[in-house]
Amino acid sequence: MKYVGKFGFQSKYGPCDEAALAAFESTLPEGRLPDEYKAFLREWNGGEFDLELAREGDAYKFIGFSIIGDDFDGDANDAGLVDFLVGLFDPESIDDLRKGSHAHGFRDAVPSSYLSIGRSNLTTSQVCLSVAGPDFGAVYYWGGEPWPDEPSPTTDYLFPVAADFAAFWDRIQIVVQD
């Protein structure tokens with residue numbers, strides 16, 4: 001699958017290193033990433049959206065996706081926000097898959113079968129990818145509450161977004177804050 005850039009999405013990390021990708025996959029519960037997400041990493045290796053392209057005058061507009069299903073009307077109150085998607089480029093950066101899922105206490109709040117693959121700079125929300133179990137490859141939104149006061153990892157605050165990364169990419173759009 002080819003991922004066409006949208007909303008000024010640009011890779012900022014350079015090509016994904018195949019050796020780093022293989023090494024990272026070997027650390028995962030099922031020893032692999034979903035094919036759709038690997039294709040994205042090979043093509044873009046993460047990156048960021050140009051949030052200025054979402055601006056129109058004084059309106060508060062953001063890049064996001066529906067968290068309520070197909071009846072979405074673009075209202076940011078029913079959306080997850082995303083500013084950037086992580087890649088594999090520097091294992092010490094929180095914008096890297098190897099470190100990002102551990103940033104800000106995220107790993108303590110969500111089971112290890114979910115990776116943080118994207119975030120919003122405006123909120124503590126995370127875009128998560130299932131890397132194990134019957135929902136392998138599905139994309140979720142984690143709203144960031146509670147953070148990280150839960151006594152153990154929980155899926156209670158994960159909301160389904162798409163069956164796979166390709167469907168998630170297709171759902172990304174401009175959302176409006178009233």
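Each residue of the sequence shown is one higher than the one before, counting from 1 in the UniProt record's numbering.
For each residue, glycine too, the CB sits at the ideal point set by N, CA and C.
Can you tell me whether residue i is buried or exposed? The criterion is at least 16 other CB atoms within 10 Å of its CB, across all chains shown.
{"i": "residue 180", "result": "Nothing can be reported for residue 180, as the shown portion of the chain is limited to 1 through 178."}
{"i": "G46", "result": "buried"}
{"i": "R42", "result": "exposed"}
{"i": "A163", "result": "exposed"}
{"i": "G5", "result": "exposed"}
{"i": "A109", "result": "buried"}
{"i": "S130", "result": "buried"}
{"i": "S116", "result": "buried"}
{"i": "G118", "result": "buried"}
Determine the closest residue to residue i out of the options, with distance taken between C-alpha atoms.
{"i": "R98", "options": "G8, L21 and F7", "result": "L21"}
{"i": "F168", "options": "D50, R32 and V127", "result": "V127"}
{"i": "K12", "options": "S152, S113, Y140 and L85", "result": "L85"}
{"i": "S120", "options": "F136, A166 and D95", "result": "D95"}
{"i": "K38", "options": "P153, G137, T27 and D170", "result": "G137"}
Below 8 Å on the Cβ atoms is my contact criterion, and I expect residue i with residue j to pass it. Report the Cβ-Cβ distance as a whole number of Å.
{"i": "A132", "j": "P29", "result": "4 Å"}
{"i": "L158", "j": "Y114", "result": "7 Å"}
{"i": "P160", "j": "Y140", "result": "6 Å"}
Once you ignore the five residues that flank residue i on each side, which residues in its own chain have a CB closer than 7 Å to its CB?
{"i": "S93", "result": "K99"}
{"i": "E25", "result": "G31, R32 and L33"}
{"i": "residue 198", "result": "Absent from the model: residue 198. The displayed extent of the chain is 1 to 178, so no value can be given."}
{"i": "P91", "result": "R98 and K99"}
Excluding the five sequence neighbours on either side, which residues of its own chain have a C-beta within less than 6 Å of the C-beta of residue i, listed in chain order?
{"i": "residue 192", "result": "In this structure the chain extends from 1 to 178, so residue 192 is not present and cannot be described."}
{"i": "G143", "result": "S125 and Y157"}
{"i": "A19", "result": "none"}
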